[in-house]
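Just below is one structure, and these are the notes that go with it.
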Amino acid sequence: MKYEGPTDPTITGSFGNVFAYKGFKLNVFMTYSFGNVVRLNPYFNYKYSDLSAMPREFKNRWTLSGDEAKTNIPAILSNPQYEANRTLYKAYNAYNYSTERIAKGDFIRMKEISLSYEFPKSWISAAKISNLSLKLQATNLFLIYADKKLNGQDPEFFNTGGVASPVPRQFTLTLRLGL
Numbered sequence: 517m518k519y520e521g522p523t524d525p526t527i528t529g530s531f532g533n534v535f536a537y538k539g540f541k542l543n544v545f546m547t548y549s550f551g552n553v554v555r556l557n558p559y560f561n562y563k564y565s566d567l568s569a570m571p572r573e574f575k576n577r578w579t580l581s582g583d584e585a586k587t588n589i590p591a592i593l594s595n596p597q598y599e600a601n602r603t604l605y606k607a608y609n610a611y612n613y614s615t616e617r618i619a620k621g622d623f624i625r626m627k628e629i630s631l632s633y634e635f636p637k638s639w640i641s642a643a644k645i646s647n648l649s650l651k652l653q654a655t656n657l658f659l660i661y662a663d664k665k666l667n668g669q670d671p672e673f674f675n676t677g678g679v680a681s682p683v684p685r686q687f688t689l690t691l692r693l694g695l
């Protein structure tokens, strides 16, 4: 096996800004991580489970003569072909652990966007309210950038054991009332 790079990011950080105009505030917050690699999950196994029986990438595998010109994903052997030569799984291992199965772990994530409005005191003072604000917040929205080899999978939660899920998107509406 050839060393491809660190599995932990070498550069991490965030940047954000708050834009204010009159009573409105727009907050934008992004996180980033660079400098690591991710080994993609093996496509080929000598046996499959319900969770791994047909990875999406198998649609692009070699099925006909000449497909090697448009794909690097090997063909799947039939049972008789496999039974005739049981050492062929080594060829699949060569593919599974090749440099072709390495992706960059770099990403830029839109972590949070929020829009708030602070109601003017002149609007709310008659109701004996000292302050009133309304805020709509969205968290963990999307990846701005990630390696295309990840096929939409989250690089922060890659290879976490099959049962870990990325942090879901969250939408929050907040009403703050001060008396």
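Residues in the sequence shown are numbered consecutively from 517, following my numbering. Where a beta carbon is used, it is the ideal one built from N, C-alpha and C, also for glycine. From a predicted model like this one, the values you see are computed outputs, not experimental measurements.
Is it the case that the stretch 618-638 contacts the stretch 542-561, given that we only count it when at least three CB pairs across the two stretches are under 8 Å? Because the criterion of three Cβ pairs below 8 Å is met, the stretch 542-561 and the stretch 618-638 touch.
Relative to the C-alpha of N612, which candidate in F635, L580 and E573 has its C-alpha closest? E573
Three CB pairs or more closer than 8 Å across the stretch 517-530 and the stretch 596-603: no
Residue from Q669, P571 and K651 whose Cα sits closest to the Cα of L659: Taking only the C-alpha atoms, the option nearest L659 is Q669.
Residues near E628 by beta carbon distance below 6 Å, same chain, minus five either side: For E628, the CB contacts under 6 Å within the same chain, skipping 5 residues up- and downstream, are F545 and T655 in chain order.
Using alpha carbons as the reference points, say which of S614, L648 and N647 lies closest to V554. S614
Beta-carbon proximity list for S530, same chain, < 8 Å, skipping 5 on both sides: F545, M546, T547, Y548 and K627
Run the CB neighbour count on P684, radius 10 Å, all protein chains shown included, and call it buried at 16 or more, exposed below. exposed
Is L689 helix, strand or coil when you go by DSSP? strand
Let's test the definition: count the other Cβ atoms within 10 Å of the Cβ of L542 and tell me whether it reaches 16, buried, or not, exposed. exposed
Closest to L604 by CA distance: which of S632, I645, F560 and T587 is it? F560
With DSSP collapsed to three states, give me the class of S681. coil
So is P636 buried or exposed if we call it buried at 16+ other beta carbons inside 10 Å? Exposed, because fewer than 16 other Cβ atoms sit within 10 Å of the Cβ of P636.
Is the distance from the Cβ of G539 to the Cβ of Y633 below 8 Å? Their beta carbons are under 8 Å apart, which means G539 touches Y633 by this criterion.
Roughly how many whole angstroms lie between the Cα atoms of K651 and V534? 14 Å
T523 versus K586: straight-line alpha-carbon distance, rounded: 30 Å
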